[in-house]
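Quick note: my numbering has the sequence shown finishing at residue 451, numbered continuously throughout.
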Amino acid sequence: MRIGIVCYPTVGGSGVIATEMAMALAARGHDIHLLSYDRPGRLRGGIPGLRFHEVAVSAYPLFRYPPYDLALATRMLEVREEASIDIFHVHYAIPHAVSAFLARSMCGGTLNFVTTLHGTDITVVGSDRAYLRPTRFALEQSNAVTAVSRYLADQTHLMFGVKKDIDVVHNFVDTERFKPNDHKPWHKRDDEERMIVHASNFRPVKRVADVVRAFACIQKEMPARLLLLGDGPDREHALAVAADLGCQHRVEHMGMRDDLEKTLQEADLFLSASETESFGLSMLEAMSCGVPCVSTAVGGVGEVIGDTGSLVPLAQPDLMAKAAIAILSDPKRHGQLSLAARQRAIDCFSTDRIVAQYETIYERVLS
Ligand code: GMT
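Quick look at the structure:
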């Protein structure tokens, strides 16, 4: 098939999944055209069958907000004509699904598109009054809508009142890239220092300060270090909380990393304190490296980690610390969770298994 994939280029989960999907579909013999306003960070160069198309937006002085959605619709039509695209797959509803509808309207109604919902496009941005109506309209106009968890599909029906069926297609992970190496767990290391990791875009919804608060309790009970991966608006606040709680010397901000798997392979535990999380891709990447997760019991996280980690109530870092300490003081349980997490990633969320589900949806739309 000739497939156009539209996504954000940023390190957020939707851009990561869309880019990984583009590369996986190209490897499976499809002709892939990836559209975004910048080259996605995860996109490797020189992949046969995959081309990147930049969407340029001109900044005319009159525009306080340059209309990216119009530029994207135009670029979609250009790429469709140039590459005879059979189907577009847009990741993140706003504004991508609206642009796809506009592109379809501009070419006589013959353009097919699948919309994948990732989370904040529904739970945060999409439910904003300014965006709710166009989002609902674009979902109804999509040839198929998918959501990355059952939770998100249910939320979409509830919040938007859309009648349309929503296919649940979970996110996936490259289990060959994200895999355990020969790094030993803390109880087999001389210093016995527990290596705890958090990775996110440090937006308020991630509540990174709660991760730090939980860590402050953990490190009082056992030698431990917290590695913070990624970056975003709440980074300074999280580091200030570490200083306030007197554990700043044990907290290291590592920033954006291309080699995320290397840090995950050295971790004993992954912590997530999100207020809402439709899936939690970084937890799946940790699980695939054999790292158990302790997370707030929100959104679709339970669908991802199953019984390979612990779920704790939102905004209670002391309970998060307790759950983490229970795992990090019991080598046998830690070993079992680590194996189970890796196995669950392979059995339920491997790239080929999930990408095949999207191929079936494309075939259904095109037939
Ligand atoms: O985490 C974010 O805010 C970024 C956002 C995105 O679309 O890039 O993440 C959402 O999509 C990810 C990939 O499907 C999911 O793993 C995240 O759970 C989801 N974020 C939220 O629901 C807050």
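We put the beta carbon where it would ideally sit given N, CA and C, even for glycine. The structure displayed is predicted, hence computed values, not measured ones.
**Asked** Quick one: Cα of residue 301 to Cα of residue 359, how far?
**Response** Counting from 1 along the sequence shown, the entry for residue 301 is found at position 217. Counting from 1 along the sequence shown, the entry for residue 359 is found at position 275. When rounded, the separation of the alpha-carbon atoms in residue 301 and residue 359 is 20 angstroms.
**Prompt:** Residues in its own chain within less than 8 angstroms of residue 342 by CB, not counting five upstream and five downstream?
**Reply:** The residue you call residue 342 lines up with position 258 of the sequence shown. Within the same chain, 125 come within 8 angstroms of residue 342 by CB-CB distance, once the 5 residues on both sides are set aside.
**Item:** Integer-rounded CB distance, given that residue 435 should sit under 8 angstroms from residue 251
**Value:** Along the sequence shown, one-based indexing puts residue 251 at 167. Along the sequence shown, one-based indexing puts residue 435 at 351. Between residue 435 and residue 251 the Cβ distance is about 18 angstroms, and since that is not below 8 angstroms, they are no contact.
**alpha helix (DSSP H) segment containing residue 250, residue limits** = In the sequence shown, residue 250 corresponds to position 166, counting from 1. Where residue 250 is concerned, there is no enclosing alpha helix (DSSP H), although the beta strand (DSSP E) it sits in stretches over 250-252.
**Asked** So the alpha helix (DSSP H) residue 178 belongs to, where does it begin and stop?
**Response** For the purposes of this step, residue 178 is taken as residue 94 along the sequence shown, with counting starting at 1. No residue range can be given for residue 178, since it is assigned to no alpha helix (DSSP H) and is classified by DSSP as neither H nor E.
**Own chain residues within Cβ distance below 6 angstroms of residue 127, not counting five before or after** = Position 43 of the sequence shown, counted from the start, is the residue given in the question as residue 127. Correct list, in chain order: 103.
**Message:** Quick check: is any heavy atom of the ligand PLP less than 8 angstroms from the C-beta of residue 205?
**Reply:** Judged by which ligands are present, the ligand PLP is missing from the structure shown, whose ligands are the ligand GMT.
**Asked** Excluding the five sequence neighbours on either side, which residues of its own chain have a C-beta within less than 8 angstroms of the C-beta of residue 329, listed in chain order?
**Response** Numbered from 1 along the sequence shown, position 245 holds the residue referred to as residue 329. Around residue 329: 296, 297 and 300.
**Message:** Here's a check: name, in chain order, each residue in its chain whose Cβ is nearer than 6 angstroms to the Cβ of residue 424, leaving out the five neighbours to either side.
**Reply:** The count along the sequence shown starts at 1 and reaches residue 424 at position 340. Excluding sequence neighbours, residue 424 sits near 392.
**Prompt:** Can you give the beta carbon distance from residue 282 to residue 310, rounded, assuming they're within the 8 angstroms contact cut?
**Reply:** In the sequence shown, the residue the question calls residue 282 occupies position 198. In the sequence shown, the residue the question calls residue 310 occupies position 226. Rounded, the Cβ-Cβ distance is 7 angstroms, consistent with contact.
**Prompt:** What residue ranges within the stretch 102-159 form continuous beta strand (DSSP E) runs of no fewer than 3 residues, ordered along the chain?
**Reply:** Qualifying beta strand (DSSP E) stretches, in chain order: 115-120 and 134-138.
**Prompt:** So is the beta-carbon of residue 365 under 8 angstroms away from any non-hydrogen atom of the ligand GMT?
**Reply:** Reading the sequence shown from its first residue, position 281 is the one you call residue 365. Yes, since a heavy atom of the ligand GMT falls inside the 8 angstroms radius drawn around the Cβ of residue 365.
**Request:** Let me know if residue 369 comes out buried or exposed under the rule of 16 or more other beta-carbons within 10 Å of its beta-carbon.
**Result:** By 1-based counting over the sequence shown, the position of residue 369 is 285. Buried: at least 16 other Cβ atoms inside 10 Å.
**Prompt:** For the alpha helix (DSSP H) that contains residue 423, what are its first and last residues?
**Reply:** Within the sequence shown, the letter at position 339 stands for residue 423. Run containing residue 423: 415-433, per the alpha helix (DSSP H) assignment.
**Asked** Would a C-beta distance cut-off of 9 angstroms place residue 139 and residue 152 closer than the cut-off?
**Response** Stepping through the sequence shown from its first residue, residue 139 is reached at position 55. Stepping through the sequence shown from its first residue, residue 152 is reached at position 68. Result yes, Cβ atoms of residue 139 and residue 152 sit closer than 9 angstroms.
**Identity of the residue in 384, 135 and 207 nearest residue 169 by Cα** = Counting from 1 along the sequence shown, the entry for residue 169 is found at position 85. Among 384, 135 and 207, the Cα nearest to that of residue 169 belongs to 135.
**Asked** Under 8 angstroms from any heavy atom of the ligand GMT, does the C-beta of residue 176 make it?
**Response** Here residue 176 corresponds to residue number 92 of the sequence shown, with the count starting at 1. It does: the Cβ of residue 176 is within 8 angstroms (strictly closer) of some heavy atom of the ligand GMT.
**Message:** According to DSSP, simplified to helix, strand and coil, what is residue 362?
**Reply:** The count along the sequence shown starts at 1 and reaches residue 362 at position 278. The three-state secondary structure of residue 362, taken from DSSP, is coil.
**Asked** Exposed or buried, which one is residue 318 when buried takes at least 16 other CB atoms within 10 Å?
**Response** Numbered from its first residue, the sequence shown carries residue 318 at position 234. Answer is buried; the Cβ neighbour count reaches 16.
**Request:** In the DSSP assignment, find the unbroken beta strand (DSSP E) run with residue 213 in it and report its ends.
**Result:** Walking along the sequence shown from the start, residue 213 turns up at place 129. Residue 213 -> not in any beta strand (DSSP E); alpha helix (DSSP H) instead, spanning 213-225.
**Asked** How should residue 192 be labelled, buried or exposed, when 16 other C-beta atoms within 10 angstroms of its C-beta is the threshold for buried?
**Response** On the sequence shown, position 108 is the one that residue 192 refers to. So residue 192 ends up on the exposed side.
**Asked** At which residues does the alpha helix (DSSP H) containing residue 297 begin and terminate?
**Response** Numbered from 1 along the sequence shown, position 213 holds the residue referred to as residue 297. Counting along the chain, residue 297 sits inside the alpha helix (DSSP H) bounded by residues 292-305.
**Request:** State the DSSP-derived secondary structure class of residue 347, mapped to helix, strand or coil.
**Result:** Your numbering for residue 347 matches position 263 in the sequence shown. Helix, per DSSP.
**Request:** Kindly examine the ligand GMT and report whether one of its heavy atoms sits closer than 8 angstroms to the Cβ of residue 290.
**Result:** Mapped onto the sequence shown, residue 290 falls at position 206. In this structure, the C-beta of residue 290 approaches the ligand GMT to less than 8 angstroms from one of its heavy atoms.
**Item:** residue 188 - DSSP class collapsed to helix/strand/coil
**Value:** Along the sequence shown, one-based indexing puts residue 188 at 104. It is helical.
**Prompt:** At a cut of 8 angstroms, does the stretch 233-243 reach the stretch 413-430 through at least three beta carbon pairs?
**Reply:** With a cut-off of 8 angstroms, the stretch 413-430 and the stretch 233-243 do not count as touching, because too few Cβ pairs lie within range.
**Prompt:** Among all the DSSP beta bridges, which residues are the ones paired with residue 244?
**Reply:** Counting from 1 along the sequence shown, the entry for residue 244 is found at position 160. Per DSSP, none; premise fails for residue 244.
**Prompt:** Using CA coordinates, which residue listed in 365, 394, 316 and 242 is at the minimum distance from residue 353?
**Reply:** As a first step, residue 353 is located in the sequence shown; it is residue number 269 there, counting from the start. Of the listed residues, the one whose Cα sits closest to residue 353 is 394.
**Prompt:** Hey, how far is the Cα of residue 375 from the Cα of residue 182?
**Reply:** The sequence position of residue 375 within the sequence shown is 291, counting from 1. The sequence position of residue 182 within the sequence shown is 98, counting from 1. Rounded to whole angstroms, residue 375 to residue 182 spans 39 angstroms at the Cα level.
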